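Residue numbers (the working numbering): 283 to 523.
Before any comments, here is the structure.
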Ligand code: NAI
């Protein structure tokens, strides 16, 4: 077992999985959170262990405060510390604002924004005791620039950016850094139904991002960037320059 532990939410696939693997390569033991696919979560745990660190999967719904509290308490009881938290879990329920249902509004706000409040609060408590820790919130470029058809999602991601900056101010004196990554279009299940070919024209680097592109930025902010807090790093191939 290593002396450092990272918790990544929504990490059985996509960007979360890539973040978990990158932090494992940096020597962190890794707790992955998942909500649905136990098989995929177990496969990810095995891939992480193959990198020479310890790993385990915890099933909980990040939008359910009771489930979050119970699982984080179990993790802290077992491992005693959490050094890095990546609030990555997220969903989309796209639609034009005037047709958006309250259900789709709430689902996206709860899963993408309230989740970061639920998960971060008990994690920050242990980080405050440690007097060290780093949190990286997975925002989005649409939280910076807005996007037609994503009122719920862009509001949630903009909210995450506000949370990031506020926590950076509140927790800096306790040795805790809080930053956000704002991905552009990344090749994952979330974007697989979009016709992304038309977007590459607008991306200066002329390609979609890969989960590993985001993971490297997350690892930079979580591990290397010791004098950086409250920042939003756009990792989007230049999309919203
Ligand atoms: P994905 O759909 O492959 O991964 C999302 C993960 O979150 C899944 O593993 C899913 O099971 C998990 N999840 C969803 N609801 C959950 C819940 N209630 N509790 C626990 N886990 C839950 O998509 P992707 O692309 O890997 O997304 C990861 C993050 O990156 C999300 O926050 C997303 O909003 C963000 N993002 C993705 C972009 C993209 O182009 N793919 C662009 C900008 C941001």
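Where a beta carbon is used, it is the ideal one built from N, C-alpha and C, also for glycine.
These numbers were taken from a predicted model, which means no experiment stands behind them.
Residues near residue i by beta carbon distance below 7 Å, same chain, minus five either side
i	result
residue 413	456 and 457
residue 428	436
residue 434	375, 382, 386, 387, 390 and 391
residue 343	317 and 349
residue 454	511
residue 487	519 and 520
First through last residue of the beta strand (DSSP E) which encompasses residue i
i	result
residue 426	That residue, residue 426, is in no beta strand (DSSP E); its alpha helix (DSSP H) goes 423-427.
residue 279	For residue 279 there is no data in the structure shown, the boundaries of the chain being 283 and 523.
residue 314	311-316
residue 521	Here residue 521 belongs to no beta strand (DSSP E), and DSSP marks it neither H nor E.
residue 341	337-341
residue 290	287-290
Residues of its chain near residue i, where Cβ-Cβ distance is below 6 Å and the 5 sequence neighbours each way are ignored
i	result
residue 394	372 and 438
residue 295	322
residue 288	305, 310, 312 and 366
residue 515	463 and 499
residue 494	300
Top-ranked residue by Cα proximity to residue i, from the options
i	options	result
residue 316	307, 445, 365 and 326	326
residue 293	408, 320 and 417	320
residue 300	461, 522 and 491	491
residue 511	416, 379 and 467	416
residue 468	484, 451 and 496	496
residue 445	334, 422, 470 and 399	399
residue 504	341, 362, 369 and 441	369
residue 421	409, 443 and 447	443
Outcome for residue i when other beta-carbon atoms lying within 10 angstroms are tallied against a minimum of 16
i	result
residue 403	exposed
residue 425	buried
residue 479	exposed
residue 360	exposed
Neighbour flag for residue i against chain D, beta carbons, 8 Å
i	result
residue 339	You won't find chain D in this structure, because it holds only one protein chain.
Per DSSP, the bridge partner or partners of residue i
i	result
residue 468	491
residue 516	464
residue 458	415
Chain-order list of residues whose beta-carbon lies under 8 Å from that of residue i (same chain, five-residue window excluded)
i	result
residue 489	482 and 519
residue 330	302, 303, 306, 312, 314 and 337
Delimiting residues of the alpha helix (DSSP H) encompassing residue i
i	result
residue 371	First-last for residue 371: undefined, no H or E at that position.
residue 452	433-453
residue 397	397-412
residue 508	Segment: none, residue 508 is in no alpha helix (DSSP H) and carries neither H nor E.
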